[in-house]
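Taking it in order: structure first as structure tokens, then the write-up.
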Amino acid sequence: MKFLILENLTGRQRSLLSGAAAAAGLLLWIGGVVLPLQRARGELHPKVQVLEGAVRQAAERAAQLPAIREELERLSSAGTELPAPSDRSAQEQLPALLEGLSRMARESGVTIQSVRPLADPAILEPAASGALELPLEVRLSSGYHALGAFVARVEGSEAFLIRVERLEIWGEASDIWNHPARLEFRAFLAPTEKP
């Protein structure tokens, strides 16, 4: 009884029925499998392009790595010397140091309120390196990012050898661009050349 319909069909009718069943199965497979895969591929395509771009950039950076290493070696070997001896006293070198600090502050967007030495420049003793160490305190106001840029400029200065030793900043809720801050650093001045 189950297959009574199939038994009464001729060979041509059976072929047509089998073809119709295969076509229906194919349509179900396309609708249930292929179309969802194509939709997923369409959604992933932009992400794949972004990943391909990132891989290209990484490959370009990797190609630049030897040049970066050479530059690092050159900078490491070139930047380790102290300033040459000077015929100017520490007091005579201070105006150039203060002008340099002022310029770096302007370039960073920092407002210096006061600068004071934490030791008398007239009685500075040379450190073991031969340079005169002058501890300074700078009071300023700035935003966090500007302060970070200022500290980076001060420590990375080619004109002066300066080491930041202490940094304090107080959050100011009413003006996020003008937080009060205090910075202590040590400036290494070229020693006076002795005859």
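Position 169 (the sequence shown) corresponds to 156 in the working numbering; numbering is contiguous. Where a beta carbon is used, it is the ideal one built from N, C-alpha and C, also for glycine.
**Message:** Give me, in chain order, the residues of the same chain whose beta-carbon lies closer than 8 Å to that of residue 157; leave out the 5 immediate sequence neighbours on both sides.
**Reply:** Position 170 of the sequence shown, counting from 1, holds the residue named residue 157. Excluding residues within five positions, the ones whose Cβ falls inside 8 Å are 166, 167 and 168.
**Prompt:** Going by DSSP, what residues sit across from residue 147 in a beta bridge?
**Reply:** Locating residue 147 in the sequence shown gives position 160, where the first residue counts as 1. BP columns for residue 147 are empty, so no partner.
**Prompt:** Are the beta-carbon atoms belonging to residue 147 and residue 84 less than 9 Å from one another?
**Reply:** Numbered from 1 along the sequence shown, position 160 holds the residue referred to as residue 147. Numbered from 1 along the sequence shown, position 97 holds the residue referred to as residue 84. It is a contact, given that the beta carbons lie within the stated cut-off.
**Prompt:** Counting along the chain, where does the beta strand (DSSP E) carrying residue 124 start and finish?
**Reply:** For the purposes of this step, residue 124 is identified with residue 137 of the sequence shown, where counting begins at 1. Where residue 124 is concerned, the enclosing beta strand (DSSP E) stretches over 119 to 129.
**Prompt:** What are the residues that DSSP puts in a beta bridge with residue 101?
**Reply:** What you label residue 101 is simply residue 114 of the sequence shown in a count that begins at 1. Its beta-bridge partners are 126.
**Message:** If I follow the unbroken beta strand (DSSP E) through residue 168, where does it start and stop?
**Reply:** As a working mapping, residue 168 is identified with position 181 in the sequence shown. Segment 166 to 176, the beta strand (DSSP E) holding residue 168.
**Alpha-carbon spacing of residue 129 relative to residue 107, whole angstroms** = Translated into positions along the sequence shown, residue 129 becomes position 142. Translated into positions along the sequence shown, residue 107 becomes position 120. Going from the Cα of residue 129 to the Cα of residue 107 covers about 28 Å.
**Prompt:** What residue from 151, 49 and 123 has the CA that sits closest to residue 134's CA?
**Reply:** Against the sequence shown, residue 134 aligns to sequence position 147. The candidate whose alpha carbon is nearest that of residue 134 is 151.
**Item:** Cα-Cα separation between residue 82 and residue 88, rounded to whole angstroms
**Value:** Working through the sequence shown from its first residue, we reach residue 82 at position 95. Working through the sequence shown from its first residue, we reach residue 88 at position 101. Per the coordinates, the alpha-carbon of residue 82 lies some 10 Å from the alpha-carbon of residue 88.
**Request:** Counting only the same chain and skipping the five closest in sequence on each side, list residues whose C-beta sits under 7 Å from that of residue 163.
**Result:** Within the sequence shown, the letter at position 176 stands for residue 163. Contacts found: 130.
**Prompt:** Does the beta-carbon distance from residue 126 to residue 149 come in below 9 Å?
**Reply:** Stepping through the sequence shown from its first residue, residue 126 is reached at position 139. Stepping through the sequence shown from its first residue, residue 149 is reached at position 162. No, they are not a contact pair.
**Item:** Pair within 9 Å by beta-carbon distance, residue 137 and residue 102
**Value:** For this step, residue 137 is matched to residue 150 along the sequence shown. For this step, residue 102 is matched to residue 115 along the sequence shown. No Cβ-Cβ contact shorter than 9 Å links residue 137 with residue 102.
**Asked** If we count the other Cβ atoms within 10 Å of its Cβ and call it buried at 16 or more, is residue 0 buried or exposed?
**Response** Indexing the sequence shown from 1 puts residue 0 at position 13. Residue 0 is classed as exposed because its beta carbon has fewer than 16 other beta carbons within 10 Å across all chains shown.
**Asked** Which term fits residue 48, buried or exposed, when burial requires 16 or more other beta carbons within 10 angstroms of its beta carbon?
**Response** The residue given as residue 48 occupies position 61 in the sequence shown. That one is exposed.
**Message:** In whole angstroms, give me the CA-to-CA distance for residue 41 and residue 22.
**Reply:** If you number the sequence shown from 1, residue 41 lands on position 54. If you number the sequence shown from 1, residue 22 lands on position 35. Taking the straight line from one Cα to the other gives about 29 Å.
**Item:** Candidates 142, 29 and 31: closest to residue 172 by CA position
**Value:** As a position in the sequence shown, residue 172 is number 185, starting the count at 1. Looking at the Cα atoms, 142 is the closest of the given residues.
**Asked** To the nearest angstrom, how far is it from the Cα of residue 53 to the Cα of residue 37?
**Response** Locating residue 53 in the sequence shown gives position 66, counting from the first residue. Locating residue 37 in the sequence shown gives position 50, counting from the first residue. Straight across, the Cα-Cα distance linking residue 53 with residue 37 is about 26 Å.
**Request:** Would you decide whether residue 190 is buried or exposed? Buried here means 16 or more other CB atoms lie within 10 Å of its CB.
**Result:** The structure shown does not extend to residue 190, since the chain spans only -12 to 182, so no value can be given for it.
**Spatial distance of residue 55 from residue 144 (CA atoms)** = Along the sequence shown, read from residue 1 onward, the residue named residue 55 stands at position 68. Along the sequence shown, read from residue 1 onward, the residue named residue 144 stands at position 157. Cα atoms of residue 55 and residue 144: separation of roughly 21 Å, rounded to the nearest angstrom.
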